[in-house]
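See below for the structure under consideration.
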Amino acid sequence: MPASRMALYAKGRQDDEPISLSGMVISAAFTDDFYVESSDRCWGIRVDKPGHSFAAGMKVDVEGLVETGTNGERYILATTVSQSGTGSVLPVYLTNKFLGGEDLYYDGITGQKGVKNGYGPNNIGLLVSTCGRLTYVGDNYFYIDDGSKVKDNSTHVGVKVIGTVPCVSPIGKYVRVTGIVSCFKAGEELYPLLRSTEVTLIE
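Here the sequence shown stands for residues 54 to 256, numbered as in this note's numbering.
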């Protein structure tokens, strides 16, 4: 099935509809969820499975229900996940401006809503890399800007990243971030959010 059809199959469903995916590669794994991606890197989706033992690089078959998180992100609430092999996906490089993207088959009930002022194809759920200058550092999160001057509901310039900065006195320094494009919700709007898997200082 073409990637566009697979994305529609997965994200074009209403909440609580069943879904079954096979041969998907895990692009990133976190404590209670992980992300699977098509081998052509065209789309990906979060899979919620608390206490799982899966890791990036595993190929899995997933069954569950399609849902929408409180952050506005479509995901699969897994009932069954089984490993079917191994695989790998490389991150897609995107500038800050393209993170999140526009609506994908979104009509208020189905599809993935895009981020505010989104530009280009929707990429929520994809493994990506991006770079930028550190403009703000908080507890377990920071903002980077590559000149795109992305704005969310905060006073900070750039894209919000969940993760830690690998340096002291970081403001003004440049980093490369690899991670999953997610989103957060403020009011009725969605804004891009990167869940980092690797943060590297550019020297």
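All residues carry an ideal CB built from backbone N, CA and C; glycine is no exception.
Since the structure is predicted, the reported quantities are computational estimates derived from the model, not experimental observations.
Three CB pairs or more closer than 8 Å across the segment 137 to 149 and the segment 117 to 128: no
Reduced DSSP secondary structure (H/G/I, E/B, other) of residue 58: helix
Through-space distance from residue 87 to residue 246, alpha-carbon basis: 16 Å
Test item: CB-CB of residue 214 and residue 195 under 9 Å: The beta carbons of residue 214 and residue 195 sit closer together than 9 Å.
Bridge partner(s) assigned by DSSP for residue 239: 242
Paired residues, beta bridge with residue 195 - DSSP: 190, 214
Beta-ladder partner(s) of residue 127, from DSSP: 121
C-alpha gap between residue 124 and residue 243, whole angstroms: Distance between the alpha carbons of residue 124 and residue 243: 8 Å.
DSSP-derived helix/strand/coil call for residue 151: In the structure shown, residue 151 sits in a helix (DSSP, three-state: H, G or I).
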